[in-house]
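Comments concern the structure below.
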Amino acid sequence: GSGMEIYDVSDKTVPIHLSTVKPQGTGSSVYNVVCDIQVIGNYAYFTDTFEGLYIYDISDLKQPVCIRSCYLISENSEKQSQMAYLNNILLDDRAIYLGLANLGIYRIEDENCKPIARDYSANYSLEKDTMETVIDGYEVSKFKTDGCVWAVDSKDEDIYVACGDKGIVKLDADLNVVQTFDTGYSVKDVKVYNNYLFTAESEGGIGVYSIEKEIEAVQRFNNDDALHSVTQVEYTPDAKYLLAQTSEYGYAFADISDFENIKVTMSGNSTGLMPFRSIAKGRIANKYVLAYGNENICVYSCENGDLAESLIENAYFCGSGGITQVGDYAIEITDGGYAYLDFIHNDASDVIEIPGADLRGKCSSDGKTLVVSNTDNGEIYIVDVKYINSPVLKNKFKIEGNPDIAYVSDKFILIPCRYGGLIKLTGKS
66 GSGMEIYDVS
76 DKTVPIHLST
86 VKPQGTGSSV
96 YNVVCDIQVI
106 GNYAYFTDTF
116 EGLYIYDISD
126 LKQPVCIRSC
136 YLISENSEKQ
146 SQMAYLNNIL
156 LDDRAIYLGL
166 ANLGIYRIED
176 ENCKPIARDY
186 SANYSLEKDT
196 METVIDGYEV
206 SKFKTDGCVW
216 AVDSKDEDIY
226 VACGDKGIVK
236 LDADLNVVQT
246 FDTGYSVKDV
256 KVYNNYLFTA
266 ESEGGIGVYS
276 IEKEIEAVQR
286 FNNDDALHSV
296 TQVEYTPDAK
306 YLLAQTSEYG
316 YAFADISDFE
326 NIKVTMSGNS
336 TGLMPFRSIA
346 KGRIANKYVL
356 AYGNENICVY
366 SCENGDLAES
376 LIENAYFCGS
386 GGITQVGDYA
396 IEITDGGYAY
406 LDFIHNDASD
416 VIEIPGADLR
426 GKCSSDGKTL
436 VVSNTDNGEI
446 YIVDVKYINS
456 PVLKNKFKIE
466 GNPDIAYVSD
476 KFILIPCRYG
486 GLIKLTGKS
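Take any residue in the sequence shown, count from 1 to its spot, add 65: that is its number in this note's numbering.
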């Protein structure tokens, strides 16, 4: 929102507005995007995404007074300045902890910003159990880890799991651990292409691994100018380019045709604000990859080895929505239903509502079945989209966890659930 608002809620049925704070800022942004507020005693601490940290004396609630501001700049390995996009704040009795969208977690103490050291040496604790939830039409099993399951992909019967600081875990079809691979960075996404695995590894950039037999590192690529913190990847149909989300404000293409000479060929933020996971799942019509945000959808095709870009206004944008491929179309989750987009003919449907469903969240499909995962409240919807104009709700259920983008095939559905582990749904005969 545009500033910090203070209300008297002594009578909760009639809140009384007392004051508004819109900091002028010290950076170049003209916006006031206050994301988080913490109050201790007579002081309010809040983060402005573009403008840094503010501390206000709120002894007089009608006239707050700014007593300190801190505009954060980080220097990369080449000592080049980089604006810190500030989101969250946490206070304790010794320090201020700040969550930065593109740089991680920082601690302020005695007016010095210091990155918190990260420990990658934790031992694995991996186990498998049976999920208590009963889901009609499916046999349910679950893989548990003391880490965070961010994403999943599969090749044949092999399952590859992005487990954050635990690295990459390879499972068999029964969710038994086959191999663990410590990457040294937090793995947020995995994509299988033939005998290779591409990963999004936060500040570690893009990872390339051979999976012909065991997982083996082939190459790692990072570029501080373009790949600040990689959270999602998707490859073009010919696998010559990899589209990477680098922050909530940008993305980049990496040329991966030569693993020994990976390089960024294009970067941008013409989509507007990009929520977490703002690359469309899959390749639309086996031709396009998409980056989307609150303003536009960037549509990329790759023909004769060259990238071609077109821009479409994102009329259906929803901050809690997502986009996935369904055959020659893309489905975009919006307003509790979905619209389907035809990029070949530059056309879009009206919003289609599904009786019994309130679709919100990230999505994935194999062209016949659509799975929508609401990370915020744990709701999962399974929808038959074989007839795209007449979808049918097959199932809906809720889990204790934060489901992310699913892997969908005609054999099974895999749902990464962050600290809730990995859920596997196998259709009953």
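Ideal Cβ positions, reconstructed from N, Cα and C, are used throughout, including at glycine.
Check: At least 3 beta-carbon pairs within less than 8 Å: the stretch 232–249 vs the stretch 287–298; Outcome: no
Check: Inter-stretch contact (C-beta, 8 Å, three-pair minimum) for the stretch 344–357 and the stretch 366–384; Outcome: yes
Check: Those residues which DSSP pairs with A404 across a bridge; Outcome: E397
Check: Where N326 sits in the DSSP three-state scheme; Outcome: helix
Check: Close Cβ partners of N260 (< 7 Å) along its chain, the five nearest in sequence each way excluded; Outcome: S275, I276 and E277
Check: Those residues which DSSP pairs with G333 across a bridge; Outcome: Y316
Check: Cβ of A350 within 9 Å of any chain D Cβ; Outcome: Absent from the structure is chain D; it holds one protein chain and no more.
Check: Three-state class that DSSP yields for E299 in the structure shown; Outcome: strand
Check: C-beta atoms of T264 and A227 nearer than 9 Å; Outcome: yes
Check: C-alpha gap between Y405 and E397, whole angstroms; Outcome: 6 Å
Check: Integer-rounded CB distance, given that S474 should sit under 8 Å from S219; Outcome: 7 Å
Check: Pair within 9 Å by beta-carbon distance, T157 and R342; Outcome: Here residue 157 is Asp; the residue named in the question, Thr, does not match the sequence. For D157 and R342, no; Cβs fall outside 9 Å.
Check: Which listed residue (D431, G426 and D449) has its alpha carbon closest to that of D441; Outcome: G426
Check: Sheet register partners of V205 (DSSP bridge); Outcome: L490
Check: Runs of beta strand (DSSP E) lying entirely within the stretch 78–135, each at least 3 residues, in chain order; Outcome: 81–86, 99–105, 108–113, 117–122 and 130–135
Check: Candidates G387, F324, N326 and A380, of which the one nearest N411 by Cα; Outcome: A380
Check: Paired residues, beta bridge with D254 - DSSP; Outcome: A265
Check: Cβ pair V257, I233 closer than 9 Å; Outcome: no
Check: Supposed contact pair T491 and E204 - C-beta distance, whole angstroms, cut 8 Å; Outcome: 5 Å
Check: Nearest-angstrom beta carbon gap, V391 and L435 [assumed within contact, 8 Å]; Outcome: 7 Å
Check: Neighbourhood of D101 by C-beta distance below 7 Å, restricted to the same chain and skipping five residues each side; Outcome: F111, T112, N152, N153 and I154
Check: Simplified DSSP state of S455, which is helix, strand or coil; Outcome: coil
Check: C131 classed as buried or exposed, judged by whether at least 16 other C-beta atoms fall within 10 angstroms; Outcome: exposed
Check: In DSSP terms, what D412 is bridged to; Outcome: D407
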